[in-house]
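Chemist:
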Amino acid sequence: MATRSPNYPAVGLSEAVRMARQLWDQEERSPVTAETAVGAFGYESLSGPARTKLAALKKYGLIEDTPHGIRLSALAVRILHSPEVSREYGEAVREAALSPELFRELAQNHTTASEKGLQSYLLTQKEFSSTGAKVCARSFLDTVEFAKLDNGGYLDEETSSEPESNKEQPTMATVAQQAHAAQPKVLQFSWPLSRDVSAEVRFTGADIRPSHLERLRAYLELAKEAVADSESEVTPDEGNES
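First residue of the sequence shown? That's 120 in this note's numbering, and the numbers climb one at a time after it.
1. Output the boundary residues of the beta strand (DSSP E) element that contains Asp184.
2. Would His187 be called buried (16 or more neighbouring beta carbons within 10 Å of its own) or exposed?
3. What number of angstroms, rounded off, separates the C-alpha of Arg223 from the C-alpha of Ala216?
4. Have a look at Phe259 and Ala169 and give me their C-alpha separation to the nearest angstrom.
5. Taking the beta carbon of Thr64 as the centre, do at least 16 other beta carbons fall within 10 Å, making it buried, or is it exposed?
6. Mind checking which residues open and close the beta strand (DSSP E) that includes Arg190?
7. Nearest CA to the CA of Lys245: which residue from Gly161, Ser233, Leu225, Ala211?
8. Is the beta carbon of Pro150 closer than 7 Å to that of Leu221?
9. Assuming the contact rule is C-beta atoms closer than 8 Å, Arg197 and Ala211 should be a hit. Round their C-beta distance to whole Å, please.
10. Report the rounded CA-to-CA distance for Tyr273 versus Ile182, giving the unit in angstroms.
Structure (structure tokens):
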């Protein structure tokens with residue numbers, strides 16, 4: 120029995136916004152039939168791919184159903200007609216990016232994942248099919264980049280240009296808290312190996328992962344070979360000492 124992947128937008132947010140703009144250019148916010156809507160995207164009929172595109176726009180909250188047909192949502196209009204450097208634009212894009220339930224979940228811990236790493240997660244943890252994992256990973260990472268979910272989102276132009284004299288000055292307590300927060304996480308282990316030999320491993324960083332342990336194991340294997348080589352390098356005189 121084929122695996123059915125969970126619901127997700129099959130296109131990234133950048134393409135979804137581009138299609139919303141095409142629909143605006145042709146119909147603005149007038150309610151239209153699904154056939155007319157996909158015609159704005161270049162489709163001649165309501166085919167499977169055309170339905171997929173419509174479904175993606177709906178998952179991002181860019182279109183809505185009305186008694187008279189499909190139309191662009193207020194969220195889509197905010198994205199299309201707000202200056203790209205404004206807070207309103209950034210908030211609207213972020214809202215659209217996090218509208219799909221799966222993307223909202225993935226955004227908690229996977230905004231900096233590689234495409235291959237995300238595919239593996241979707242296959243093993245979310246029961247995706249191979250094809251679904253590839254499409255979803257590509258769509259999510261496009262959305263992360265477009266909505267700037269991996270670096271704190273959009274900055275408001277007015278806020279970023281605020282004079283220094285008008286900004287709240289940090290107190291000593293605030294500075295101390297920030298300095299403490301900036302310190303990296305440290306995880307340390309030590310083990311006795313013999314009477315006069317012990318080993319110590321220290322990890323420094325904010326996000327220690329199992330993959331880091333795998334790399335450490337590889338380095339330890341190299342160290343083991345180096346120690347073995349040094350023990351075998353015994354000179355003839357040393358070997359003949361009684």
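We put the CB at the ideal spot given by N, CA and C, even for glycine.
Modeler: Reading from the atomic positions:
1. Position 65 of the sequence shown holds residue 184. Element bounds for Asp184: 182 to 185.
2. As a first step, residue 187 must be located in the sequence shown, where it is residue number 68. With fewer than 16 Cβ atoms within 10 Å of its Cβ, His187 is classed as exposed.
3. As a first step, residue 223 must be located in the sequence shown, where it is residue number 104. As a first step, residue 216 must be located in the sequence shown, where it is residue number 97. Between the alpha carbons of Arg223 and Ala216 lies a gap of roughly 8 Å.
4. In the sequence shown, counting from the first residue as 1, residue 259 sits at position 140. In the sequence shown, counting from the first residue as 1, residue 169 sits at position 50. Going from the Cα of Phe259 to the Cα of Ala169 covers about 20 Å.
5. There is no way to answer for residue 64, as the model of the chain reaches only from 120 to 361.
6. For the purposes of this step, residue 190 is identified with residue 71 of the sequence shown, where counting begins at 1. Run containing Arg190: 188 to 191, per the beta strand (DSSP E) assignment.
7. Position 126 of the sequence shown, counting from 1, holds the residue named residue 245. Taking only the C-alpha atoms, the option nearest Lys245 is Leu225.
8. Indexing the sequence shown from 1 puts residue 221 at position 102. Indexing the sequence shown from 1 puts residue 150 at position 31. Contact flag unset, no.
9. Residue 197 sits at position 78 when you count from the first residue of the sequence shown. Residue 211 sits at position 92 when you count from the first residue of the sequence shown. Yes, Arg197 and Ala211 are in contact; Cβ-Cβ is about 4 Å, under 8 Å.
10. As a working note, residue 273 is residue 154 in the sequence shown. As a working note, residue 182 is residue 63 in the sequence shown. Any reading at Tyr273 needs caution, since the residue's pLDDT is 43, under 50, leaving its predicted position unreliable; the model's value is listed next. C-alpha separation (whole angstroms): 23 Å.
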